[in-house]
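2 protein chains.
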Amino acid sequence: MTNPPAPIPKLEDVAQRAGVSTATVSRFYNNPAIVAPATAARIRAAIEATGYVPNLLAGGLASNRSRLVAVLVPEIAQSIFNDTIEAMTAELSLDGHVVMLGLTGTGNARMPELIDAALSRRADAMILTGIITDADTRERLRQRTMTVIETWGMPEDPIDITVGFSHLAVGSDVARFLHGRGYTRPMLAVAEGARARQRRDGFLEEWRNTGHKPPVVIDVPLPTRFGHSRLVWRQLAQLDPLPDVIVCGSDVLAQGVMIEAQAAGIRVPDQLAVVGFGNMAIAGDMRPSITTVDVDGARIGREAVAVLRRRASGERIVQKVIDVGFRLIARESA
Amino acid sequence: MTNPPAPIPKLEDVAQRAGVSTATVSRFYNNPAIVAPATAARIRAAIEATGYVPNLLAGGLASNRSRLVAVLVPEIAQSIFNDTIEAMTAELSLDGHVVMLGLTGTGNARMPELIDAALSRRADAMILTGIITDADTRERLRQRTMTVIETWGMPEDPIDITVGFSHLAVGSDVARFLHGRGYTRPMLAVAEGARARQRRDGFLEEWRNTGHKPPVVIDVPLPTRFGHSRLVWRQLAQLDPLPDVIVCGSDVLAQGVMIEAQAAGIRVPDQLAVVGFGNMAIAGDMRPSITTVDVDGARIGREAVAVLRRRASGERIVQKVIDVGFRLIARESA
DNA sequence: GGTACCGATGCAAGCGCTTGCAGGGCTTTT
DNA sequence: AAAAGCCCTGCAAGCGCTTGCATCGGTACC
Chain A
1 MTNPPAPIPK LEDVAQRAGV STATVSRFYN NPAIVAPATA ARIRAAIEAT
51 GYVPNLLAGG LASNRSRLVA VLVPEIAQSI FNDTIEAMTA ELSLDGHVVM
101 LGLTGTGNAR MPELIDAALS RRADAMILTG IITDADTRER LRQRTMTVIE
151 TWGMPEDPID ITVGFSHLAV GSDVARFLHG RGYTRPMLAV AEGARARQRR
201 DGFLEEWRNT GHKPPVVIDV PLPTRFGHSR LVWRQLAQLD PLPDVIVCGS
251 DVLAQGVMIE AQAAGIRVPD QLAVVGFGNM AIAGDMRPSI TTVDVDGARI
301 GREAVAVLRR RASGERIVQK VIDVGFRLIA RESA
Chain B
1001 MTNPPAPIPK LEDVAQRAGV STATVSRFYN NPAIVAPATA ARIRAAIEAT
1051 GYVPNLLAGG LASNRSRLVA VLVPEIAQSI FNDTIEAMTA ELSLDGHVVM
1101 LGLTGTGNAR MPELIDAALS RRADAMILTG IITDADTRER LRQRTMTVIE
1151 TWGMPEDPID ITVGFSHLAV GSDVARFLHG RGYTRPMLAV AEGARARQRR
1201 DGFLEEWRNT GHKPPVVIDV PLPTRFGHSR LVWRQLAQLD PLPDVIVCGS
1251 DVLAQGVMIE AQAAGIRVPD QLAVVGFGNM AIAGDMRPSI TTVDVDGARI
1301 GREAVAVLRR RASGERIVQK VIDVGFRLIA RESA
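Each protein sequence line maps, in turn, to chains A and B. Just so we're aligned, residue 1 is where the first sequence starts under our numbering, counting upward by one. Just so we're aligned, residue 1001 is where the second sequence starts under our numbering, counting upward by one.
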């Protein structure tokens, strides 16, 4: 019943059938403008008839372009980066590129091997959301001609291109906002990542100017999970006096704390205000809706691809740091 | 300041430096057992010295193995499949494979082009969570020798290998469970996907045996978003009498409905019970915790890779349908 | 001492494309 | 009418690996 595994058609089969050389068929794919319309039509017919699908391994080897873009993120299970990935994937596929997904894990432990994986496949570019802390690795990447885009942060020492925003500024904006609303006893739930710490530092720095006591800060383990909110809640509930606002490292955490608070009969925001980060879908739809910091993750993805495109077309990139900014969104919870 | 872009070292550079032929270095990578320890040591040193990274495009072309596995999912933003993807990615990287991520979009609209993308890169295997409805495409894939694994469902007409569970059975189990608990007026919020409909059908079929009136069924648009729960709630609140339990197509939806209910002063589960699907992290941590159906998404990923491995080692796969089952988890919400 | 065998390595022919260069036929310019 | 230019296509030399086959030195066995 199974057909004999028919040999996979190759460029030459198409060429023969269309009565042209393989070079012409190759051009039909890679530079259609320069093949005559009549020829193109014959080639199209031949492709159709043979069911030919190009072999991009061979093509990539010959042309030195793999049409692969390595995207390295810490995780996707509960991730704030997923919008970025989706936007990037969509945008890249317009150019015939494909995403090679690498999960670097909490603490980016698997980063080195994933970089090797990307290099060995001769990825056309590498897009990072996690941070490469290792100086050697950073240097190694600089040696290569590969485009490297760091996203979501603003590293002090960029490898190549950066698309992100200042987490320090987020922190200070939130502090200013809460001070303006009259809150006096904030508490901070900070995730263990480098960027979350920058937001914390920005907050602390700014809060100092208010003259109020410095906030209580507690650490939350990575990866961010809904369940951690219970830990936060426990520590919060022990404080006396209770804080009047809790600033969470993520919307997920904020939502969790709100649910715990409500279950304990504490009214949000009257008795306890809550601030999140990320403006995920839940933030707007919670009851009460969550005050948070909006980051346009999709835009980060699009900007990153835009840079790739410009470099691919030979343009020299001058603006190596692209700041997409952020917006504090005041809702009901604070 | 920028070094002249040093040529990327190749196998031959390593070979020369180690005083062996390229064949031996190649074997060092692909079949280390057959190269003499002393030689291996010299090769290792040469690799270290040159900073060589294999070119898998070239290697793949020659060996006809790309070490690329295409993973096609509808979305990742809010997806129940993310655990599966994570497990698969982790498992695959143990074998030196890498995931090519394709997002097929709601309704799997982009499936055809992604299949082409996978074929042109000569992916070693293709793992699907979305469903290919187009018969031509199914047939086209059967023609190829590529391993195709369909996951999360149990298609009537599998392409090759299947790892999943029966959604029909989920539906009837939930119906039986609710009947057993004495509920009499269920309502169903069903997402537009084929699998969600199977669960609905399983429920309806089973519910018929209870003698109670058939449930009200409403459709929820894809992709699943937290905000949809508000729509569900509005429709629910108009019913008279109110249903005594709402069966949601996902935990996200269930959580949203619970939050709306609580905001409206309806007590869960006393006045309205809620059932979800997927056993995501939130389900266990909500207040009240959510009764749901647990699916071991990570296991699906691992089983899929296990099949790949066995086939790669030349084994002929007899058991083409792997049922990972599911568990109804009774918690506080129903 | 001869034969058989085995482990380790080298030789060289591809794998299926891309692309610089060249050339043939037309049209345009002088 | 010749020269110049342009469009389209073909030739063929790679791209950097893998792997079947051959080779070679040694050990085991009779």
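Beta carbons are placed, not taken as given, at the ideal position from N, Cα and C, and that holds for glycine.
- Annotation for Glu1086 of chain B: the continuous alpha helix (DSSP H) segment containing it runs Asn1082 to Leu1094.
- For Gly265 of chain A, the nearest beta carbon of chain B is not closer than 9 angstroms to its own beta carbon.
- In this chain, the beta strand (DSSP E) harbouring Val99 of chain A covers Val98 to Leu103.
- In this structure Leu1072 of chain B does not touch Met1154 of chain B by the C-beta definition: roughly 18 angstroms separates them, more than the 8 angstroms allowed.
- Classified as buried, Ser172 of chain A has 16 or more neighbouring CB atoms from the shown chains inside 10 Å of its CB.
- When the beta-carbon positions are compared, Met1187 of chain B and Ile1259 of chain B stay at least 9 angstroms from each other.
- Chain A places no beta carbon closer than 9 angstroms to that of Ser1250 of chain B, leaving this residue out of the contacts.
- Of the candidates B:Arg1208, B:Gln1235 and B:Glu1206, the residue whose Cα lies closest to the Cα of Asp1219 of chain B is B:Gln1235.
- Of all residues in the region 1255 to 1285 of chain B, only Gly1256, Ile1259, Glu1260, Gln1262, Ala1263, Ala1281, Ile1282, Gly1284 and Asp1285 place a beta-carbon less than 8 angstroms from a beta-carbon of chain A.
- Within chain A, no C-beta atom comes less than 8 angstroms from the C-beta of Phe1203 of chain B; the nearest is roughly 26 angstroms away.
- In this structure the region 14 to 33 of chain A does not lie against the region 1015 to 1033 of chain B, because fewer than three pairs of beta carbons, one per stretch, are closer than 8 angstroms.
- For a Cβ distance threshold of 8 angstroms, residue set Ala77 of chain A lies close to Asp1083 of chain B, ordered along the chain.
- Between the C-alpha atoms of Met286 of chain A and Val1252 of chain B there is a straight-line separation of about 12 angstroms.
- With a cutoff of 9 angstroms on beta-carbon distance, Ala1070 of chain B and Arg1110 of chain B are scored as not near each other.
- Between Glu150 of chain A and Glu1075 of chain B the beta-carbon gap is near 25 angstroms, outside 8 angstroms, which marks them as no contact.
- Restricting attention to A:Ile43, A:Thr39, A:Arg17 and A:Ala123, the CA atom closest to the CA of Leu61 of chain A is found in A:Ala123.
- Using a Cβ-Cβ distance cut-off of 8 angstroms, the region 307 to 322 of chain A and the region 282 to 298 of chain A are not in contact, since fewer than three pairs of beta carbons, one from each stretch, lie closer than that value.
- Chain order gives the chain B residues near Asp116 of chain A as Val1053, where near means a beta carbon separation below 8 angstroms.
- For Gly164 of chain A, the CB contacts under 6 angstroms within the same chain, skipping 5 residues up- and downstream, are Thr151, Trp152, Gly153 and Met154 in chain order.
- Per DSSP, the continuous beta strand (DSSP E) segment holding Asp294 of chain A begins and ends at Thr292 to Asp294.
- Interface annotation, Val1025 of chain B: not in contact with chain A, CB-CB separation never under 9 angstroms.
- The Cβ atoms of Ala1175 of chain B and Gly1249 of chain B lie no closer than 9 angstroms to each other.
- Ser1333 of chain B and Val1275 of chain B have their alpha carbons spaced roughly 7 angstroms apart.
- In this structure, Leu1242 of chain B sits near Gln1271 of chain B, with a CB-CB distance shorter than 9 angstroms.
- Annotation for Ala169 of chain A: Gly202 place their beta carbon closer than 7 angstroms to its own, counting only its chain and skipping 5 residues before and after.
- In the DSSP assignment, Arg1327 of chain B forms a beta bridge with B:Asp1294.
- Membership of Val35 of chain A in any beta strand (DSSP E) is not indicated, and neither H nor E is assigned to it by DSSP.
- Between the C-alpha atoms of Trp1207 of chain B and Pro1269 of chain B there is a straight-line separation of about 20 angstroms.
- DSSP places Val1020 of chain B in the coil class of the three-state scheme, outside both helix and strand.
- Between the C-alpha atoms of Ile1008 of chain B and Ala118 of chain A there is a straight-line separation of about 14 angstroms.
- Close partners of Met88 of chain A in chain B (Cβ separation under 9 angstroms) are lacking, with about 10 angstroms as the shortest Cβ gap.
- Among the residues of chain B, those whose CB is under 9 angstroms from the CB of Met100 of chain A are Leu1068, Val1098, Val1099, Met1100 and Leu1101, following chain order.
- Counting only runs of 4 or more residues that sit fully inside the region 264 to 289 of chain A, the alpha helix (DSSP H) segments are 281 to 285, in chain order.
- Taking a C-beta distance under 9 angstroms as the contact criterion, Leu141 of chain A and Ile161 of chain A do not qualify as a contact pair.
- Between Asp244 of chain A and Pro214 of chain A, the alpha-carbon positions lie close to 13 angstroms from each other.
- Sequence-distant partners of Met1280 of chain B (beyond 5 residues in either direction) whose C-beta falls short of 6 angstroms from its own C-beta, in its chain, are Asp1251.
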